[in-house]
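Going by the numbering used here, the sequence shown opens with residue 19, and the numbers climb by one from there.
Here a beta-carbon is modelled for each residue, glycine too, at the ideal position from N, C-alpha and C.
Remarks on the structure that follows.
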Amino acid sequence: MRSEKEKQLRYSIFDPTGNITALVESVVPEKDQPSVAAAIMARHTAVEQVGFLRLPAGGGERPALCMAGGEFCGNASMSAAALWALRRGFDGGECSLRVSGAESAVSVRLRRETEGSFAAAVHMPPAGQIMEKECVISGRRGRLSCVYMEGITHAVITPASAFFALKDDHPAAERAVRTLCAELGASCLGLMFLEEEMPRWRLTPLVWVPASGTLFWENSCASGSAAVGMLLARQSGKAIDLTLEEPGGELRVESNTAKGETWLHGRTKLLGEYVA
19 MRSEKEKQLR YSIFDPTGNI TALVESVVPE KDQPSVAAAI MARHTAVEQV
69 GFLRLPAGGG ERPALCMAGG EFCGNASMSA AALWALRRGF DGGECSLRVS
119 GAESAVSVRL RRETEGSFAA AVHMPPAGQI MEKECVISGR RGRLSCVYME
169 GITHAVITPA SAFFALKDDH PAAERAVRTL CAELGASCLG LMFLEEEMPR
219 WRLTPLVWVP ASGTLFWENS CASGSAAVGM LLARQSGKAI DLTLEEPGGE
269 LRVESNTAKG ETWLHGRTKL LGEYVA
């Protein structure tokens, strides 16, 4: 028999470019959040991540989003802002919210497109460091371009890398991301397999979050896309604006590392609301 707490669990599921996200509005103690997230993901197998959202009753306090693994997530941030707008009957505007893994408040600009669907732009937290790291993976030695962001680290891997073959060897890649996460001192890690196909780019994301025990070849990764933009802007020495083709659709990144500004553009859509 389910407990009273489980009966009252209220959550919504969003589709931000295929990175299916559940947002829980019920109050769940932090120690119970990983198990509640696991239960939701077992019930809805398309869900790739779960966040716990507190929407303030008044107008002065910011919404607060905590991911089940404590990581930062751009797709969940735009979905949380969309839910905030839906609850208040807004068609658009700017939402400032607190997000796990980000030191400062995160701004999200919204524009309603259809019922329950929004175009969104997230002001992404800046990279703390962008550097090359010498690594050995599955007997191969090479260098990785690592972008250390608030709340998550991403390694960007191109076809020129000794490690690009991991994209087509999922078991090896999944072992590698776990090992590298510890070696790089990251709280969670994404491997971003990046291919240039002019005039656009293709991105295949693999993300490991140890605190929630989740490992997914994601349909899209907002923070990983932002990391790609930051890296390319740093390498080119100028502002960049690029569209990334990902398994779930397109994300667009504008990055100017000289100004410390990166905006991630995408869409999110409410799929359903549930009480379990």
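For residue i, the first and last residue of its enclosing beta strand (DSSP E)
i	result
residue 258	258–264
residue 28	28–33
residue 37	No beta strand (DSSP E) holds residue 37; DSSP gives it neither H nor E.
residue 123	Per DSSP, residue 123 belongs to no beta strand (DSSP E) and is neither H nor E.
residue 114	110–117
residue 280	279–293
residue 139	135–141
residue 69	67–72
residue 273	267–274
Residue j beta carbon less than 8 Å from that of residue i
i	j	result
residue 173	residue 207	yes
residue 152	residue 161	yes
residue 124	residue 112	no
residue 241	residue 262	no
residue 194	residue 156	yes
residue 248	residue 280	yes
residue 225	residue 236	yes
residue 101	residue 69	no
N-terminal and C-terminal residue of the alpha helix (DSSP H) that residue i is part of
i	result
residue 84	Per DSSP, residue 84 belongs to no alpha helix (DSSP H); it is in the beta strand (DSSP E), 82–85.
residue 238	From DSSP, residue 238 is part of no alpha helix (DSSP H); its letter is neither H nor E.
residue 93	92–106
residue 60	51–61
Burial state of residue i (16 or more Cβ within 10 Å)
i	result
residue 22	Residue confidence is low: residue 22 scores 45 on pLDDT, short of 50, so the model does not pin down where it sits. No coordinate-derived value is stated.
residue 19	Note that residue 19 scores a pLDDT of 36, beneath 50, so its modelled location is shaky; the value from the coordinates is reported in the next line. By the 10 Å Cβ count, residue 19 comes out exposed.
residue 118	buried
residue 24	Its pLDDT being 47, under 50, residue 24 is placed unreliably in this model, and the coordinates cannot settle the point.
residue 178	exposed
residue 132	exposed
residue 210	buried
residue 215	exposed
residue 89	buried
Distance between beta carbons of residue j and residue i, contact taken as under 8 Å
i	j	result
residue 114	residue 32	19 Å between Cβ atoms; not a contact.
residue 140	residue 282	5 Å
residue 136	residue 285	7 Å
residue 67	residue 94	6 Å
residue 145	residue 165	5 Å
Residue ranges of each beta strand (DSSP E) run of no fewer than 3 residues wholly in the segment 150–236, ordered along the chain? 158–167, 170–175, 207–215, 218–227, 232–235
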